[in-house]
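A.B. asks: Let me give you the structure first, and then I'll get to my questions.
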Amino acid sequence: MDWSHYRFRTVWTLPAPPAVVYDVLEHAEDYPRWWPQVREVHRLDDTSGLVRIRALLPYELTFTAREVRRDAAAGVLEIAMTGDLEGWARWTLTPDGTGTRVRYDQVVDVHKPLLRRLAVPGRPVFRANHRLMMRAGRRGLAAHLEAV
11 MDWSHYRFRT
21 VWTLPAPPAV
31 VYDVLEHAED
41 YPRWWPQVRE
51 VHRLDDTSGL
61 VRIRALLPYE
71 LTFTAREVRR
81 DAAAGVLEIA
91 MTGDLEGWAR
101 WTLTPDGTGT
111 RVRYDQVVDV
121 HKPLLRRLAV
131 PGRPVFRANH
141 RLMMRAGRRG
151 LAAHLEAV
């Protein structure tokens, strides 16, 4: 088993319609406004940007995100990641009553040397750190949607 390989799936339910949620999620450069752990998104060109994140644990991850799929009709946004994280992430939005079911899937290999060295003993803590980051993201997005 590669202890630096991770698969994550997070599901959120939000009270806003899918088109509204999609509109917010497709503007990644605005994530730092509502998602505290996304510290910076610097657009490099029309389809890629440099992303810097830091959750509860005292380390940052920096990666280049490149758009792979942007399909508003299907409710899908997908990126490829290179840098401290190598892999992909995908938002999938579906109607849920008058709101939206948001599914976030991510499959990555961690390349940051410190995290690779701590991969075996740190794995449960790293996974918990990710859960906390996603929980904060849901809260931030919900508050942002209320203000829109």
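Under this note's numbering, the first residue of the sequence shown carries the number 11, and numbering increases by one thereafter. A virtual CB, placed ideally from N, CA and C, is assigned to each residue, including glycine.
Starting from Y69 and walking both ways along the beta strand (DSSP E), at which residues does that stretch end?
C.D. replies: From DSSP, Y69 is part of no beta strand (DSSP E); its letter is neither H nor E.
A.B. asks: Taking Cβ to Cβ, would you say D94 is nearer than 8 angstroms to H121?
C.D. replies: Yes, Cβ-Cβ distance for D94 and H121 is below 8 angstroms.
A.B. asks: So, under 8 angstroms CB-CB, L66 and L128 are touching, yes? Tell me the CB distance rounded to an integer number of Å.
C.D. replies: About 15 angstroms separates the two Cβ atoms, so there is no contact after all.
A.B. asks: Which value, in whole angstroms, describes the spacing of the CA atoms of W101 and G109?
C.D. replies: One C-alpha to the other measures close to 15 angstroms.
A.B. asks: State the CB to CB distance for the pair P28 and L103, rounded to an integer number of angstroms; the pair is presumed to be in contact (CB under 8 angstroms).
C.D. replies: At roughly 5 angstroms, the Cβ-Cβ gap stays under 8 angstroms, so P28 and L103 are in contact.
A.B. asks: Give the DSSP bridge partners of W98, in chain order.
C.D. replies: Bridge partners of W98: A90, V117.
A.B. asks: Where does A157 land, buried or exposed, given buried means 16+ other C-beta within 10 angstroms?
C.D. replies: By the 10 Å Cβ count, A157 comes out exposed.
A.B. asks: Hey, quick one: how far does the beta strand (DSSP E) through W13 stretch, first residue to last?
C.D. replies: Note, W13: premise wrong, no beta strand (DSSP E); not H, not E.
A.B. asks: DSSP three-state label for P105, please.
C.D. replies: P105 falls in the strand class under three-state DSSP.
A.B. asks: Please list the terminal residues of the continuous beta strand (DSSP E) segment that includes V48.
C.D. replies: Run containing V48: 48-53, per the beta strand (DSSP E) assignment.
A.B. asks: What whole-angstrom Cβ distance do T72 and S58 have, given they're in contact under 8 angstroms?
C.D. replies: At roughly 13 angstroms, the Cβ-Cβ gap does not stay under 8 angstroms, so T72 and S58 are not in contact.
A.B. asks: Thinking A26 and L155 are a contact (beta carbons under 8 angstroms), I'd like their distance in whole angstroms, please.
C.D. replies: Yes, A26 and L155 are in contact; Cβ-Cβ is about 4 angstroms, under 8 angstroms.
A.B. asks: Per DSSP, what kind of secondary structure is A65 in: helix, strand or coil?
C.D. replies: Coil at A65, not helix or strand.
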